[in-house]
Amino acid sequence: MLDRAESRELDREMLERFAALEADSDERRVIRDALVEKHLPLVYFLARKFGNRGEPLDDLVQVGTIGLIKAIDRFELGRGFEFSTYASPTIIGEIKRHFRDKTWAIRVPRRLQELGAKVEKARSELNNELNRSPTPNEIALKLGITIEDVMEAMESQSAYFTVSLDGSSDEDSPALGDSLGSIDESLLQIEDHESLKPLIALLDERAKRVLFLRFFENKSQSEIAQELDLSQMHVSRILAKTLESLRMGLVQD
Amino acid sequence: MSTIHLIVPADTHHVGLVRSTAAHVAAYADLSIDQIADLRLAIDEAYSIVLGQNQSPGEIKISLARIDVGLEVQLVGPAGVSAPDENSWAWTILCALVNNVAVETSTDGSVKITLETKVVTSA
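As you go down the protein sequences, you meet chains A and B in turn. Residues in the first sequence are numbered consecutively from 1, following the numbering used here. Residues in the second sequence are numbered consecutively from 254, following the numbering used here.
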């Protein structure tokens, strides 16, 4: 059995070797497999923490392992982190993403899911009709439901996503292109920009884009939703999550 | 016009309650879905400011008032909290999320933030 320091040293050697090899080399694959095997107990450990949420442990271990592989591929030796410290959030991120993608349908009552979809559809139609964001009352009138129903539908969606589970990075999001430079420029007017820049750099591309459009281009959440082909509620969730992570990051300074 | 008062312990657990309450009041004040979504974000930000970093014990007092032009939300935190600078990120965010923001520090060092969102829905 390796002690903690020996285990860390072994990680380091393997990751160094791994990083030096060509992407398609056989040895790299062998090392990656060995690293995955070595850290599988960490995946089990983290997956078990989510074991009481109604998803089979095997499934969680499977998606957690994807997170582990991503962590191995992305790990940068120079940063000075211990590998397991670096890998844990990536593994948890994959497990949470699994919950976000797969289990929402189970956890939110069907009535609220359907209501949520109806409300979002009505919101979008009214938005086009009125050329502005509608009020809950206008949506309620259109659907023949109460304002309470509209609020409940919206609440159930935003509450579930922002409070319990965050997402991991979205690789399939549209490229940010030139707007990153503009963010940097706009940030200069803000006194804490030196602390903000690295925090913003850590955001995934879509979060950066939504943040930029809302706060630097001054677009409304509905306009952003249309532009990025998301629901307005989804834009809200991304913003809430992003602002929270920036707030946390700034406090820790 | 009617005002709703809410007092919660000064901790992070109650921000959701304040956020939801504000959203409901905003719905009845005829703010738009976009404005309500922005107000929710503004509540998160303002709550975090008045709460302060050290989370001194005490209460956060919230009032939600229907005013002629829309909705006014005030948050007053516990004593011993520093007010945000007008060039800070938090302040920039608040100004983008609601129509008017005002901040006051009282003599005991509690911070009061006032957020105002105006109804824009005249057909």
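Beta carbons: idealized from backbone N, C-alpha and C, even for Gly.
If residue i and residue j are in contact, beta carbons under 8 Å, what's the gap, nearest whole angstrom?
i	j	result
A/I92	A/L40	The pair is not a contact, with the Cβ atoms about 15 Å apart (cut-off 8 Å).
B/L347	B/A295	6 Å
A/A140	A/L112	So it is not a contact: roughly 16 Å between Cβ atoms.
B/S236	A/E155	For chain B, the structure presents residues 254 to 376; residue 236 of chain B sits outside this window and is missing.
B/L284	B/L292	7 Å
Take the Cβ of residue i as the centre, count every other Cβ of all protein chains shown within 10 Å, and call the residue buried at 16 or more, exposed below.
i	result
A/E120	buried
A/M248	exposed
A/G80	exposed
A/A240	buried
A/G177	Low confidence applies to A/G177: its pLDDT is 49, below 50, so where it sits in the model is not reliable, and the reading given next is rough at best. Exposed is the call here.
A/N131	exposed
A/S88	buried
A/T90	buried
A/A201	exposed
A/G64	buried
A/G57	Before going further, note that residue 57 of chain A is Leu rather than Gly in the sequence given. Exposed, because fewer than 16 other Cβ atoms sit within 10 Å of the Cβ of A/L57.
A/R48	exposed
B/D264	exposed
A/H98	buried
A/P109	exposed
B/P310	exposed
B/G330	buried
A/R17	exposed
A/E94	buried
B/E339	exposed
Who are residue i's beta bridge partners in DSSP?
i	result
A/H39	For A/H39, which the question treats as bridged, DSSP gives no partner whatsoever.
A/L243	In DSSP, A/L243 forms no bridge with anything.
B/A355	B/T367
B/H258	B/S316
B/V329	B/K314, B/K365
B/G323	B/I320, B/K371
Residues in its own chain within less than 8 Å of residue i by CB, not counting five upstream and five downstream?
i	result
A/L21	E27, R28, I31
A/E227	L213, K219
A/L203	L211, T242, S245
B/V373	S285, Q288
A/R8	E82, F83
A/E37	none
A/Y86	A71, F75, R79
Here's a check: name, in chain order, each residue in its chain whose Cβ is nearer than 7 Å to the Cβ of residue i, leaving out the five neighbours to either side.
i	result
B/V278	I257, L317, L324
B/T358	A336, V364
B/G362	A332, G333, V334
B/D297	V268, R272
A/V235	V210, Q221, I224, A225
A/N128	none
B/L259	V271, T274, I315
A/M14	I31, A34, L35
A/V43	V61, G64, T65, L68, I91
A/L2	L10
A/K277	This structure gives no information on residue 277 of chain A, because the portion of chain A shown stretches from 1 to 253.
A/E138	L126
A/A23	none
A/L187	H193, L196, K197
A/S231	E120, A225
B/T360	none
A/I238	R206, A207, V210
So, residue i versus residue j, is the Cβ gap smaller than 8 Å?
i	j	result
B/Y300	B/L270	no
B/K365	B/V322	no
A/V251	B/Q308	no
A/P134	B/I286	yes
A/D149	A/L115	yes
B/I302	B/V261	no
A/A122	A/K142	yes
A/L77	A/A5	no
B/S341	A/I69	no
B/A349	A/I147	no
A/L199	A/L243	no
Which same chain residues end up closer than 6 Å to residue i when comparing Cβ atoms and leaving out the 5 residues on each side of it in sequence?
i	result
B/T367	Q327, A355
A/D11	F83
A/R74	none
B/N352	E369, T370, K371
A/E217	none
B/W344	P337
A/F50	L60, I95
Any C-beta of chain C sitting closer than 8 Å to the C-beta of residue i?
i	result
A/T135	Of the protein chains in the structure, A and B, none is chain C.
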